[in-house]
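Residue numbers (this note's numbering), protein chains in the order written: chain A, 186 to 528; chain B, 38 to 130.
A short write-up of the structure that comes next.
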Ligand SMILES: [Zn+2]
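Below you can see the structure in the form of structure tokens.
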């Protein structure tokens with residue numbers, strides 16, 4: 186399946202699409218992977234999702250309307266965060282500030298999609314573009330080395346994506362702190378994050394020690410500017426912020442999502458590869474990750490969707506097989522100054 | 038739960054979740070943040086695991102202490118919180 190000789194003799198889960206190339210995954214005698222074995226029956230999951238949703242709705246009820254903005258939304262302009270924004274505005278009646286990070290590789294269609302969705306929903310929108318030299322240095326380093334993230338991060342995303350997600354999450358926290366916004370919403374879907382992150386509270390004091398270590402590491406890898414992009418203001422520790430990821434509780438198929446947001450004028454970009462709907466850098470991460478680790482960085486989210494009946498197994502396998510060729514990602518590598526022999 | 042089985046259950050969770058083994062390089066006293074083995078996502082998972090499994094609530098002092106960063110330190114925190122009045126008893130077998 187992967188473009189690597191010798192990697193064809195893999196064990197595949199009989200239910201989802203996880204395989205034996207993925208670290209930490211084992212299989213029972215019947216060919217069921219360790220995640221599927223641990224997954225509770227659908228009705229138990231439905232109860233858990235309902236409980237998590239009640240918690241989220243409780244905090245929404247308590248915070249709504251107290252400030253100019255109730256919620257800052259990490260709005261990539263992709264399909265999932267567009268759907269999240271719609272849900273927060275139309276179902277939960279939250280006053281949202283949508284924030285898009287322009288990483289320098291956004292699809293040409295993203296600005297149009299952001300305007301279409303925010304315009305239709307009547308939401309304020311900010312586009313933030315971090316310094317290009319910093320982002321280039323971060324992506325270059327992330328493309329050529331795995332050292333900046335823990336080993337377990339390879340289950341979540343490519344090294345490039347993990348670095349970018351760190352910048353995005355920190356920026357959302359900064360805006361929430363600066364503008365006194367109590368809730369941050371993300372568009373993460375099942376398999377991208379643990380299920381128990383559908384709703385959680387960040388106690389910034391509790392995280393301070395871990396964050397300080399992370400900032401030192403990122404400064405070491407990406408230079409002094411990393412302190413601005415991964416660190417928080419000194420007074421941040423006095424605050425609590427609630428993070429919600431509504432998609433983790435909404436079991437939706439991709440076609441349902443795209444049909445719904447299509448009514449706002451959102452259209453699928455054609456320049457972002459198979460697995461992204463906003464970022465043209467994504468395929469470089471996919472290319473490197475699948476060659477380096479022997480499995481596709483989206484395998485967990487596809488496995489999750491297959492496991493819960495949101496994606497057909499054959500369709501998932503086809504997506505996982507559609508790996509980019511070097512010729513398709515060479516322009517990105519060239520722009521970052523990454524040589525073919527480095528990846 | 039005795040100290041050793043408590044340590045083993047936390048170590049097992051860490052190994053399975055964060056994909057490393059305790060050995061001569063990573064010991065029960067290793068600072069797991071400094072070693073780059075746990076990031077902010079992992080930290081959230083770890084706290085959720087501890088609070089849920091041992092029916093405890095970590096305090097701000099626990100988060101600020103050096104103990105939060107190593108296996109042995111976390112065992113000390115869990116033991117202290119479980120012994121403290123007002124905490125529910127463990128819900129693990
Ligand atoms: Zn499976």
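The beta-carbon is built from N, C-alpha and C at its ideal position, and this holds for glycine as well.
Since we're looking at a predicted model, the values are computed, not measured.
Buried or exposed by the 16-neighbour rule on C-beta atoms within 10 Å, applied to residue i
i, result
"residue 386 (chain A)", "exposed"
"residue 330 (chain A)", "exposed"
"residue 264 (chain A)", "buried"
"residue 103 (chain B)", "exposed"
"residue 251 (chain A)", "exposed"
"residue 370 (chain A)", "buried"
"residue 486 (chain A)", "buried"
"residue 451 (chain A)", "buried"
"residue 525 (chain A)", "exposed"
"residue 229 (chain A)", "exposed"
"residue 262 (chain A)", "buried"
"residue 355 (chain A)", "buried"
"residue 420 (chain A)", "exposed"
"residue 519 (chain A)", "exposed"
"residue 288 (chain A)", "buried"
"residue 513 (chain A)", "exposed"
"residue 457 (chain A)", "buried"
"residue 276 (chain A)", "exposed"
"residue 324 (chain A)", "buried"
"residue 467 (chain A)", "buried"
"residue 392 (chain A)", "buried"
"residue 42 (chain B)", "exposed"
"residue 364 (chain A)", "exposed"
"residue 222 (chain A)", "exposed"
"residue 346 (chain A)", "buried"
Backbone secondary structure at residue i - three-state DSSP
i, result
"residue 204 (chain A)", "strand"
"residue 217 (chain A)", "coil"
"residue 459 (chain A)", "coil"
"residue 70 (chain B)", "coil"
"residue 433 (chain A)", "helix"
"residue 339 (chain A)", "helix"
"residue 190 (chain A)", "With a pLDDT of 33 at residue 190 (chain A), under the threshold of 50, the modelled position of that residue is not reliable, and the figure given next carries that caveat. If DSSP states are grouped into helix, strand and coil, residue 190 (chain A) belongs with coil."
"residue 375 (chain A)", "strand"
"residue 95 (chain B)", "coil"
"residue 291 (chain A)", "strand"
"residue 130 (chain B)", "With a pLDDT of 44 at residue 130 (chain B), under the threshold of 50, the predicted position of this residue should be treated as unreliable, and no value is reported."
Residues bridged to residue i (per DSSP)
i, result
"residue 388 (chain A)", "A:425"
"residue 313 (chain A)", "A:286"
"residue 491 (chain A)", "DSSP output for residue 491 (chain A) lists no bridge partner at all."
"residue 197 (chain A)", "A:204"
"residue 259 (chain A)", "A:284"
"residue 157 (chain A)", "Residue 157 (chain A) lies beyond the range of chain A shown here (186 to 528); nothing can be said about it."
"residue 212 (chain A)", "A:218"
"residue 299 (chain A)", "Bridge partners of residue 299 (chain A): none, in fact."
"residue 346 (chain A)", "According to DSSP, which records beta bridges pairwise, residue 346 (chain A) is partnered with nothing at all."
Check: residue i C-beta below 7 Å from any heavy atom of ligand 3
i, result
"residue 336 (chain A)", "In terms of ligand content, the structure shown lacks ligand 3 and carries ligand 1 instead."
For ligand 1, enumerate in chain order all residues having a CB closer than 7 Å to any of its heavy atoms.
A:198, A:200, A:201, A:203, A:217, A:218, A:220, A:221, A:488 and A:492
Closer than 9 Å, Cβ to Cβ, to anything on chain B: give me those residues from the stretch 317-347 of chain A, in chain order.
332, 333, 334, 335, 336, 337, 338, 339, 340, 341 and 347
Listed in chain order, which residues of the stretch 487-506 of chain A have Cβ atoms closer than 7 Å to some Cβ of chain B?
none
Note down, in chain order, all residues in the stretch 392-410 of chain A with a beta-carbon under 8 Å from any beta-carbon belonging to chain B.
392, 393, 394, 395, 396, 398, 399 and 402
Mind checking the stretch 86-111 of chain B against chain A and listing, in chain order, the residues whose C-beta falls within less than 8 Å of any C-beta there?
95, 97, 100, 101, 105 and 106
Along the stretch 38-58 of chain B, what residues have a CB closer than 7 Å to any CB found in chain A?
53, 54, 55, 56 and 57
Interface residues of the stretch 196-221 of chain A facing chain B [CB-CB below 9 Å]:
208, 209 and 219
Anything in the stretch 59-77 of chain B with a Cβ closer than 7 Å to a Cβ of chain A? List those residues in chain order, please.
70, 71, 73, 74, 75, 76 and 77
Give the residues from the stretch 256-282 of chain A that approach chain B closer than 7 Å (Cβ to any Cβ), ordered along the chain.
none
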